[in-house]
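Numbering follows the numbering used here, in which position 101 of the sequence shown is assigned residue number 106; successive positions increment by one, without gaps.
Have a look at the structure below, then the notes.
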Amino acid sequence: MFYGYSLGICMRYCIIPDEAAEVTNDGFLKIFRGFATFNIHYSGLEPSLKGWIKRIMINTAIDHLRKKSKRFMVADSFDSHFNLADETETSVDRMSYQEILEVIQRLSPVYRTVFNLYVIDGYKHEEIAKQLKISVGASKSNLSKARLNIKKMLQDADIKYYEQKIV
C-alpha cells in the first residue's frame with residue numbers, strides 16, 4: 006500500500022533504482038521496528054501514518070547518503086535565486102514528471118538532497134541545516150547552486166529541442 010509512495014520519496018534522493026529500493030526497504034525495517042512507538046495522539050495532534058512514513062523515508066535516505074559519502078561537500082554561501090517562470094513555452098512545459106525527476110537526479114548528491122528537502126518536501130533552511138549537519142548559509146548556497154544547475158540543464162534541453170525542431 007505504501008511501498009510505491011515510499012519508493013518515490015527515496016528515488017528523489019538516490020539516482021540508482023536498486024539503491025532507492027534498498028533505502029526503501031531499510032526505511033520499512035525502521036517503520037516495522039518502531040511501529041509500536043507510533044502515537045496517534047502525539048502532542049495532541051493526530052499525525053497521519055503517511056506523514057510518519059514520509060519522515061522516516063526521508064531520514065533513511067539522508068542517513069544512506071551520509072554513510073555513502075561520509076561527508077557532504079559544502080559550497081560557498083550566496084543567496085541569489087532565480088525564477089524558472091517565463092511567459093513563453095519552456096522545456097519545463099514540455100517535460101513529463103519523469104523527465105523533470107531525471108533532471109533533478111543529475112544534480113550532485115548534495116545539491117539534489119537540499120533541493121528535494123527545500124522545494125519538494127517543504128523543509129526550511131534551518132531544518133535542512135540541522136538534518137544535514139551543515140550551516141544555514143551552506144543550505145541556501147547549495148539550493149541556489151542546485152537551481153542554477155537545473156536552469157542550465159533546462160536551457161540546454163531548450164537548445165536541443167529547438168535544434169531538433171529546425172532540422
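All C-beta atoms, glycine included, are put in the ideal place defined by N, C-alpha and C.
Ignore the nearest five residues each way along the sequence and tell me which others in residue i's own chain have a CB closer than 8 Å to its CB.
i, result
"ILE109", "ARG17, ARG117, PHE120, ASN121, ILE155"
"PHE43", "LEU54, TRP57"
Suppose the cutoff is 7 Å on Cβ atoms and the five residues either side in sequence are ignored; what does the same chain contact list for residue i look like?
i, result
"ALA25", "LEU12, CYS15, MET16, CYS19"
"ILE133", "VAL119, LEU122, TYR123, SER144"
"LEU70", "TYR18, PRO114, THR118"
Exposed or buried, which one is residue i when buried takes at least 16 other CB atoms within 10 Å?
i, result
"MET6", "exposed"
"ASN147", "buried"
"ARG196", "No statement about residue 196 is possible, as the shown extent of the chain runs from 6 to 172 and does not include it."
"SER140", "exposed"
"LYS129", "exposed"
"LEU34", "exposed"
"ILE125", "exposed"
"ILE67", "buried"
Going along the chain, which residues of its own chain have a beta-carbon closer than 6 Å to the beta-carbon of residue i, five neighbours each way excluded?
i, result
"ASP5", "Outside the shown range of the chain, which is 6 to 172, sits residue 5, and nothing can be said about it."
If you reduce the DSSP assignment to three classes, tell me which class residue i lands in.
i, result
"GLY117", "The sequence shown places Arg at residue 117, not Gly. Helix."
"SER53", "coil"
"PHE40", "helix"
"PHE33", "helix"
"TYR10", "helix"
"ILE67", "helix"
"ALA80", "For ALA80, the predicted model reports a pLDDT of 36, less than 50, meaning its position is unreliable and no value from the coordinates is stated."
"LEU112", "coil"
"ARG17", "coil"
For residue i, which option in the options has the closest C-alpha, if you only look at C-alpha atoms?
i, options, result
"ILE36", "MET158, ARG111, LYS59, SER149", "LYS59"
"MET158", "GLN136, GLY39, LEU106", "LEU106"
"LYS72", "GLY9, ALA41, PHE40, LEU137", "LEU137"
| task | Please go through the region 122–160 and give each complete alpha helix (DSSP H) segment of 4 or more residues, from N-terminal end onward. | result | Fully enclosed alpha helix (DSSP H) runs of 4 or longer: 130–137.
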